[in-house]
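Quick notes on the structure that follows.
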Amino acid sequence: MTRSGPLRPATGTEAAGAPLATRVPLGDLGTEVAGLTSRGARFAGLFAIPDPSGTRLVAVSALPGSLVVMESHVPAGQDSFPALTPMVPAAAWYEREIHDLFGLHPSGHPRLDPLILPLAEQSSRPDPMEAAGPHAGPGERPGEGPYRSNRPAELDSTPLPAHLKGEGVFTIPYGPVRSGVFESIEYLLETAGEVVPHLRSRIHHKHRGIERSFEGMTTADAVLLAERMEGVASVAHAIAFCEAVERISGATIPRNAELLRVVHAELERIANHLDSMIRHTEAAGQAVAFARLSLHKERILRLVARLCGHRFGRGVVQPGGVLGPPRAGSSEVLTALERIEASLRADTDLLMRTPSFLDRLRGTGVLPRDLVAAHGALGPVAKGSGQLDDARLDRPYAAYARLGWEPFRPRDGGDALARQWVRLDEIWGSFHLARQALDEMVEPAPWHVPLPDADGEAIGWAEAPQGEVLYLVKVEQGRVTRVKPRSASFHNLAIFPAAFPKDIFTDFAFIEASFGFSVAGAAG
Amino acid sequence: MPWITRGLSEGVPTSRYPRQPDGYGPTWFGSVAVRSQQDTGREIVTGQVGTGSGRGVVECPTGAISAAGSQITVDRGRCILCARCIGNEPGIFESDPSVEVAVSGREMLVVVDGDSGPALGQEDDARLIQLQASLAKRTRRLHRSIHIRHVDAGSDGSEEWEIAALTNPVYDVQRLGIFFTSSPRHADVLLVTGAGSAGMLEPLKKTFDAMPSPKVVIAAGTDAISGGLLAGNYATSGGIGEALPVDVWVPGSPPSPFSLLHAILLAVGLLPARSAGATDSLDTTRPSRRPNQRRRTGRRAKRAPEGQGQ
């Protein structure tokens, strides 16, 4: 096992399909990854890439300063592999996903419920023995993998999980059509009444098959789709995708483009964190705070639209740079930012001194630090439990390495209140970063460089408001042949149930809002 | 007490739309329009995804642009507003900042050259009148405050933000007697976002069936109208029109809050079915049909207590 730096830039000289990283025998992948995590690495994901001779399993771990990528090969015809989950629990959802989409059975997985595909579709699945069912042909799933050639799993619809037993325990299904304007997700709350010892999240309702739609696109088109993977974090996803593409072609993008990417990414972060806080205030019945924060969020979205013509910053980030200069002058934007920040500070200062609000957050949804560390949680969810992991600092991209940072305050309460403080800290940090980036932009200067044609694979990353986003991208002859986006929402949602044991039904809205995940990003 | 002063600190930020035009729109791309083609005199070839943007070739990631000879049409129901066509061919395409992009017929989203609005000939006029009549038939019994049930059928998440924005102090739809409701049982409008992911089609149909008649369905966003970039993959349908009878279509990726508001007002018959231009219909206020007044006059047994749910 070796460390491969921040993924050797896959230059144009590398052949298509060249391995991303260290090859590890299939049987050793789990122990190798577990060894890394025991030495302080964060498990960042397990992904499948089909190739003609079978399926490649790519395990990504994060160390400060680099990503460690290990790869094993599952030969064609073999439909199972030794599960990583018993040794690396954070791999549980990744293996369920691989099982659903590629039909590979992670043997030894403790609970292989379906995750990504709709239940109805699974129950009517063709018997694998009958080979060519309607979906059995190649090309139906991401990367042309065989469609579920293994034995169908037990359905997720049994009323109780094996490990929650007791008198009077029952399940409350909540969703996917929920009360209010929410993304569709279904929760199964397992309870004996009032307290919620366990819950399960069903994200498959929103699975859109994005990975499959990427295939065959040009990189210019694919970035449009990346923006729609997790619509509220469009900029972060576009940056992560473009970082991967730029790494493949070995290009360096213009300084101004890097700075403009930072401006948009930080405005997006402010809007997302405000959204999370808005949902807190709504749940707590803080009508004025709700109205005020909603107003600030609207102002941020309008400022983004003023900069680029789109309220979510779509179309700005492109492979090779950005579309062009901002449509508003730096001084105008700086003035607007200053006004918003001053007004927002007055509101949040008051909000964080309002007892009826703080009482609902304090001690709610506590995530212990060791659990957060073991799972490798991301973004504000991790920072609220004292686990500082931020791709902008640890593996700087765009212009982050050159910008000044306000030191992070440690927040280790682990509850919804700590996560709220983290978001507030990040909001002020984002204003600070956006201002610096605007100050440093100079005109006239190039905003875009043409990317040389190059085949290869690379991983790109960005710190979305929800946490680190990874894009595993493979390009062949100018076309994207495999894209695996990994949103922080997907990774964090797996430990969502762990925040509940001591909490009651009415805490649900706060805990959910404090996680701040996007279902679209989780379901793919 | 301090919250009272905070709440009043910056005056009233609320838009006067639809009674008065709102000046916000022109900062973004509302929709793509086709400039008049009379003087370019060259043949236009539309390309499939990724054919490159050589001279005379217009590439569109979602295939929203089509051409027959020199006649170019843009299907706004498929356009995701990436604005690439405007960047590549500014002589042919231009941005139309109008926020009033909702229409009452799918075909009306297809625009031709020289017309910034929906494609309408004499034949279309007749069809439009028919559409208006059928829409009015559906909605005229909604003589009271309007309750909207939103269902996400596989959106990217941004549409939910824009819908939620309708309740912020800027748009404040409650001032128009419009409310979001948790229960489909007293909902009048079904506001659907997302392209129709396989896992949401059944819950979507069940929600629709659980609503009382008359009911109006709004397809909100390009994904909901046509599936956008995801159309036709294994997990996503080509828009929710395949599953439900859609009455109002509002394109955008995502549609802005003003566009959503326009769609809602159109759906409940408070605006004429076709807006000839932003200012025309913005000025169209018919006091006798304003929702607040309807609420006073049109109480019905179906009406449920307001302010429940979230």
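Chains as they are written, first to last, in my numbering: chain A, 566 to 1089; chain B, 2 to 311. Beta carbons are placed, not taken as given, at the ideal position from N, Cα and C, and that holds for glycine. On a predicted model such as this, the values are computed, not experimentally measured, just so you know.
(message) Which residue marks the beginning of the alpha helix (DSSP H) containing residue 238 of chain B, and which one marks its end?
(response) Taking the first residue of the second sequence as position 1, residue 238 of chain B is located at position 237. Membership of residue 238 of chain B in any alpha helix (DSSP H) is not indicated, and neither H nor E is assigned to it by DSSP.
(request) Using 10 angstroms around the beta-carbon of residue 703 of chain A, count the other beta-carbons present and answer buried if the total reaches 16, otherwise exposed. (result) Within the first sequence, the letter at position 138 stands for residue 703 of chain A. Because residue 703 of chain A carries a pLDDT of 37, less than 50, the predicted location of this residue cannot be relied on, and no value is offered for it.
(message) Any beta carbon from chain A within less than 9 angstroms of residue 180 of chain B's own beta carbon?
(response) In the second sequence, the residue the question calls residue 180 of chain B occupies position 179. No, residue 180 of chain B does not count as interfacial toward chain A.
(message) For residue 811 of chain A and residue 603 of chain A, what's the separation of their Cα atoms in angstroms?
(response) For the purposes of this step, residue 811 of chain A is taken as residue 246 along the first sequence, with counting starting at 1. For the purposes of this step, residue 603 of chain A is taken as residue 38 along the first sequence, with counting starting at 1. Using only the alpha carbons, I get a separation of about 32 angstroms.
(message) Once the 5 residues before and after residue 16 of chain B are set aside, which same chain residues still bring their CB inside 7 angstroms of it?
(response) Taking the first residue of the second sequence as position 1, residue 16 of chain B is located at position 15. So the list reads 23, 171, 172, once near-sequence residues are dropped.
(message) Measuring only the C-alpha atoms, how far is residue 6 of chain B from residue 920 of chain A?
(response) Taking the first residue of the second sequence as position 1, residue 6 of chain B is located at position 5. Taking the first residue of the first sequence as position 1, residue 920 of chain A is located at position 355. Cα to Cα, residue 6 of chain B sits roughly 18 angstroms from residue 920 of chain A.
(message) Can you list, in chain order, the residues of its chain with a C-beta nearer than 8 angstroms to that of residue 866 of chain A? Leave out the 5 residues immediately preceding and following it.
(response) Looking up residue 866 of chain A in the first sequence gives position 301. Counting only Cβ-Cβ distances below 8 angstroms, and skipping sequence neighbours, we find 836, 876, 877.
(request) Tell whether a beta-carbon distance below 9 angstroms holds between residue 925 of chain A and residue 981 of chain A. (result) To locate residue 925 of chain A, count along the first sequence from 1; it is residue 360. To locate residue 981 of chain A, count along the first sequence from 1; it is residue 416. In this structure, the beta-carbon distance from residue 925 of chain A to residue 981 of chain A falls below 9 angstroms.
(message) Taking a contact to mean a Cβ-Cβ separation below 9 angstroms, would you say residue 939 of chain A touches residue 1056 of chain A in this structure?
(response) Along the first sequence, one-based indexing puts residue 939 of chain A at 374. Along the first sequence, one-based indexing puts residue 1056 of chain A at 491. Taking a C-beta distance under 9 angstroms as the contact criterion, residue 939 of chain A and residue 1056 of chain A do not qualify as a contact pair.
(request) Please name the residue, chosen from A:917, A:977, A:958, A:902, that lies closest to residue 937 of chain A on a Cα-to-Cα basis. (result) Position 372 of the first sequence, counted from the start, is the residue given in the question as residue 937 of chain A. For residue 937 of chain A, the closest C-alpha among the options A:917, A:977, A:958, A:902 is that of A:977.
(request) For the region 147 to 161 of chain B and the region 218 to 227 of chain B, state whether three or more C-beta atom pairs, one from each stretch, are separated by less than 8 angstroms. (result) Segment contact: the region 147 to 161 of chain B against the region 218 to 227 of chain B, three or more CB-CB distances shorter than 8 angstroms; contact assigned.
(request) Please confirm if residue 24 of chain B has its CB atom under 9 angstroms from at least one CB of chain A. (result) If you number the second sequence from 1, residue 24 of chain B lands on position 23. Taking CB atoms only, residue 24 of chain B has no neighbour in chain A less than 9 angstroms away.
(request) Could you list the residues in the region 746 to 771 of chain A with a C-beta less than 8 angstroms from some C-beta on chain B, going in chain order? (result) Of all residues in the region 746 to 771 of chain A, 746, 747, 748, 749, 769, 770, 771 have a Cβ within less than 8 angstroms of some Cβ in chain B.
(request) Figure out for me which residue from A:1003, A:949, A:990, A:945 has the closest Cα to the Cα of residue 968 of chain A. (result) Here residue 968 of chain A is taken as the residue at index 403 of the first sequence, counted from 1. Restricting attention to A:1003, A:949, A:990, A:945, the CA atom closest to the CA of residue 968 of chain A is found in A:1003.
(request) Could you check the C-alpha separation between residue 77 of chain B and residue 160 of chain B for me, to the nearest Å? (result) Here the question's residue 77 of chain B lines up with position 76 in the second sequence. Here the question's residue 160 of chain B lines up with position 159 in the second sequence. The alpha-carbon of residue 77 of chain B is positioned some 17 angstroms away from that of residue 160 of chain B.
(request) Examine chain B for any beta-carbon lying closer than 9 angstroms to the beta-carbon of residue 614 of chain A, and answer yes or no. (result) One-based indexing of the first sequence puts residue 614 of chain A at position 49. So, not an interface residue.
(request) Could you name the residues of chain C that residue 259 of chain B contacts, counting a contact when the two beta carbons are closer than 8 angstroms? (result) Judged by its chain identifiers, the structure shown contains no chain C, and its protein chains are A and B.
(message) For residue 164 of chain B and residue 176 of chain B, what's the separation of their Cα atoms in angstroms?
(response) On the second sequence, position 163 is the one that residue 164 of chain B refers to. On the second sequence, position 175 is the one that residue 176 of chain B refers to. A direct Cα-to-Cα measurement between residue 164 of chain B and residue 176 of chain B gives close to 16 angstroms.
(message) Please state whether the Cβ-Cβ distance between residue 864 of chain A and residue 892 of chain A is less than 9 angstroms.
(response) The residue you call residue 864 of chain A lines up with position 299 of the first sequence. The residue you call residue 892 of chain A lines up with position 327 of the first sequence. Inclusion of residue 864 of chain A and residue 892 of chain A in the CB contact set at 9 angstroms is not warranted, their separation being larger than that value.
(request) Entirely within the region 774 to 805 of chain A and at least 4 residues each: give me those alpha helix (DSSP H) ranges in chain order. (result) For the region 774 to 805 of chain A, whole alpha helix (DSSP H) runs of length 4 or above, ordered along the chain, are 775 to 779, 784 to 792.
(message) Please report whether the beta-carbon of residue 796 of chain A lies at a distance below 9 angstroms from any beta-carbon of chain B.
(response) Locating residue 796 of chain A in the first sequence gives position 231, counting from the first residue. Yes - at least one Cβ of chain B is within 9 angstroms of the one on residue 796 of chain A.
(request) Below 8 angstroms between beta carbons is the criterion; list the residues of the region 856 to 889 of chain A that meet it against any residue of chain B, in chain order. (result) Of all residues in the region 856 to 889 of chain A, the ones placed with a Cβ closer than 8 angstroms to any Cβ belonging to chain B are 856, 857, 859, 860, 862, 863, 866, 867, 870, 871, 874, 875, 876, 877, 879, 880, 888, in chain order.
(request) For residue 665 of chain A, write down the residues that DSSP places opposite it in a beta bridge. (result) One-based indexing of the first sequence puts residue 665 of chain A at position 100. Within the DSSP bridge table, the entry for residue 665 of chain A names no partner.
(request) Compare the beta carbon distance of residue 181 of chain B and residue 18 of chain B with 9 angstroms and say whether it is the shorter of the two. (result) In the second sequence, counting from the first residue as 1, residue 181 of chain B sits at position 180. In the second sequence, counting from the first residue as 1, residue 18 of chain B sits at position 17. Contact: no.
(message) Please identify, using Cβ separations under 8 angstroms, the residues of the region 901 to 920 of chain A that lie next to chain B, in order along the chain.
(response) Residues passing the 8 angstroms Cβ filter: 908, 911, 912, 915, 919.
(request) Assuming residue 1085 of chain A and residue 771 of chain A form a contact by the criterion Cβ under 8 angstroms, report the distance between their Cβ atoms to the nearest whole angstrom. (result) Locating residue 1085 of chain A in the first sequence gives position 520, counting from the first residue. Locating residue 771 of chain A in the first sequence gives position 206, counting from the first residue. Right, their Cβ atoms sit about 6 angstroms apart.
(request) Please name the residue in A:1024, A:1030, A:774, A:1040 whose C-alpha comes closest to that of residue 1080 of chain A. (result) Taking the first sequence and counting its residues from 1, one reaches residue 1080 of chain A at position 515. Nearest option by C-alpha distance: A:1030.
(request) Rank A:964, A:746, A:764, A:748 by C-alpha distance to the C-alpha of residue 738 of chain A and give the top, closest one. (result) Position 173 of the first sequence, counted from the first residue, corresponds to residue 738 of chain A. Between residue 738 of chain A and the set A:964, A:746, A:764, A:748, the nearest pair of CA atoms involves A:764.
(request) For the alpha helix (DSSP H) holding residue 909 of chain A, just list the boundary residues, first then last. (result) Residue 909 of chain A sits at position 344 when you count from the first residue of the first sequence. For residue 909 of chain A, the enclosing alpha helix (DSSP H) covers residues 895 to 916.
(message) Using a Cβ-Cβ cutoff of less than 7 angstroms, which residues in the same chain neighbour residue 1 of chain B once the five nearest sequence positions on both sides are dropped?
(response) The structure shown does not extend to residue 1 of chain B, since chain B is modelled only from 2 to 311, so the question has no answer here.
(message) So, with DSSP's three-state summary, where would you put residue 816 of chain A?
(response) Position 251 of the first sequence holds residue 816 of chain A. Of the three classes helix, strand and coil, the one that applies to residue 816 of chain A here is coil, per DSSP.
(message) Residues of chain B with CB closer than 9 angstroms to the CB of residue 840 of chain A, please, in chain order.
(response) As a first step, residue 840 of chain A must be located in the first sequence, where it is residue number 275. Result: 162, 165.
(request) Measuring alpha carbon to alpha carbon, tell me which of B:256, B:194, B:253 ends up nearest residue 247 of chain B. (result) By 1-based counting over the second sequence, the position of residue 247 of chain B is 246. When the alpha-carbon of residue 247 of chain B is set against those of B:256, B:194, B:253, the nearest one is in B:194.
(request) Would you please verify whether the beta carbon of residue 967 of chain A is less than 9 angstroms from any beta carbon of chain B? (result) Residue numbering aside, residue 967 of chain A sits at position 402 when the first sequence is read from its first letter. No - not a single Cβ of chain B is within 9 angstroms of the one on residue 967 of chain A.
(message) Beta-carbon within less than 8 angstroms of residue 1094 of chain A's beta-carbon, same chain only, minus the 5 sequence neighbours each way: which residues are those?
(response) Residue coverage of chain A in this structure runs from 566 to 1089, which leaves residue 1094 of chain A outside it and unanswerable.
(message) Would residue 241 of chain B and residue 190 of chain B qualify as a contact pair, given that the criterion is a beta-carbon distance under 9 angstroms?
(response) For the purposes of this step, residue 241 of chain B is identified with residue 240 of the second sequence, where counting begins at 1. For the purposes of this step, residue 190 of chain B is identified with residue 189 of the second sequence, where counting begins at 1. Cβ atoms of residue 241 of chain B and residue 190 of chain B: not closer than 9 angstroms.
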